[in-house]
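286 is the number that numbering that gives the first Met the number 0 gives to position 287 of the sequence shown; each next residue is one higher, with no gaps.
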Amino acid sequence: METIRNYLEAMFAEMPNTPEVLKAKDELLQMMEDKYSELIAEGVNENEAIGKVLSEFGNLDEISEALNLKKEVEELKTRQQAPRRFIDKKNITEYLGLKKRSALFLSVAVALCIISSSFTILFSEVLHKNDNYGIALMFVCIAVAVGLFIANSNLLSDYKFMKRELCQIDIATADYVAEKKRDFMNFMTVSKAIGVVLCAFCWLPTSFIEGDIACVIMFYMIGAGVMLLIYGDTINKSYITVLNLNDINTVGGRYGKKETFEYSNAHVKMMMEVFWPTVICLYICVSFLTCNFLHTLIVFPVAFIFEKIVKTAFAKEI
């Protein structure tokens, strides 16, 4: 019986994801199960029964009219004239594993860049040692970070086609990835919460601790917070990328996230793609220059209001 269900899932994977299609799919499953039970009751062995059921109901072209799906089947044939590249579960699993490694490389590299400048303060002002040690450690951190950035850029070279070509995965793989994404959400929520708290309250040490050690702690808090945010977000986006491979309007693409709007202006779209990373960088730079991490938080509500204004002016529903 499981073989019949899997065959049905594959048969409807590229059909439009509409209530009519889902209803027809349920009806066909019931018909197939009834026929299978009938054959088993007549003494037919399991493999032969499955073969007869699939031969009778396994061709959408032949049964589309009976299921009132003639129009949908014709649309499917039209789409199949421009086929998508199929990616199997093994390659998807490998891709997700590489994205996890990429997330680690990227998050650690950014964190190293942030904390690198703290070593000069640590050695010269806190430990009262030769500041050459701090400078040396700073360049070591930067060198390691650059190495990680380079390694990260080459890590997914075998899967760059996913950005250029239309691709698809089977329903079993989509279910597998969706389950992995659900399991990851607990870690994602906790890491995001800790990351935001560390970044938002990185100024606290300067309020309660005297001396330059407070600045060193602040650097480490920002580095750790940004690392957690980048790591969780990168892995989560890898799941979303895979689940969006299938056509969002088909049964096989039911896990995909469909955008409800798009920007009417190409320049505005390009600007908004880098808007929030720019805001965060601006906040960090201004905060360091003014040594005031509390008052500069005003940049975030201002940025949020600006984003809403831009969406109102340039976004259109799709």
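Every residue gets a Cβ at the ideal spot worked out from N, C-alpha and C, and that includes glycine.
Taking the alpha-carbon positions, what's the Phe305 to Leu66 distance?
50 angstroms
With distance defined between alpha-carbon atoms, name the residue in Glu26, Lys191 and His266 nearest to Val309.
His266
Taking C-beta to C-beta, are Met187 and Gly231 nearer than 7 angstroms?
yes
Please report the distance separating the alpha-carbon of Ile113 from that of Asn90.
34 angstroms
Straight-line gap, Ile212 to Cys201 (C-alpha atoms, nearest Å)
13 angstroms
Leaving out five residues on either side along the sequence, give the residues of the same chain with a beta carbon under 8 angstroms from the beta carbon of Glu45.
Ile39
Is Ala12 near Ile170, with beta carbons less than 7 angstroms apart?
yes
Residue closest to Lys236, alpha-carbon to alpha-carbon, out of Ile3, Thr2, Leu95 and Glu41:
Leu95
Measuring alpha carbon to alpha carbon, tell me which of Glu1, Ala102 and Asp33 ends up nearest Met226.
Ala102
Can you round the beta-carbon distance between Val176 and Tyr238 to whole angstroms, since I take them to be within the 8 angstroms contact cut?
6 angstroms
Got a sec? Which residues, its chain only, sit under 6 angstroms from Ala108 by beta carbon, not counting five neighbours each side?
Ala144, Leu147 and Phe148
Which term fits Met269, buried or exposed, when burial requires 16 or more other beta carbons within 10 angstroms of its beta carbon?
exposed
Exposed or buried, which one is Val215 when buried takes at least 16 other CB atoms within 10 Å?
buried
Between which two residues does the alpha helix (DSSP H) holding Ser156 run?
Where Ser156 is concerned, there is no enclosing alpha helix (DSSP H), given that its DSSP letter is neither H nor E.
By alpha-carbon positions, which one of Met220, Lys34 and Met14 ends up nearest to Thr205?
Met220
Lys51 to Cys166, Cα distance in whole Å?
33 angstroms
Considering only the alpha carbon of each residue, which of Leu281, Asn264, Cys284 and Thr289 lies closest to Ala314?
Asn264
Roughly how many angstroms lie between the CA atoms of Tyr262 and Leu154, to the nearest whole one?
32 angstroms
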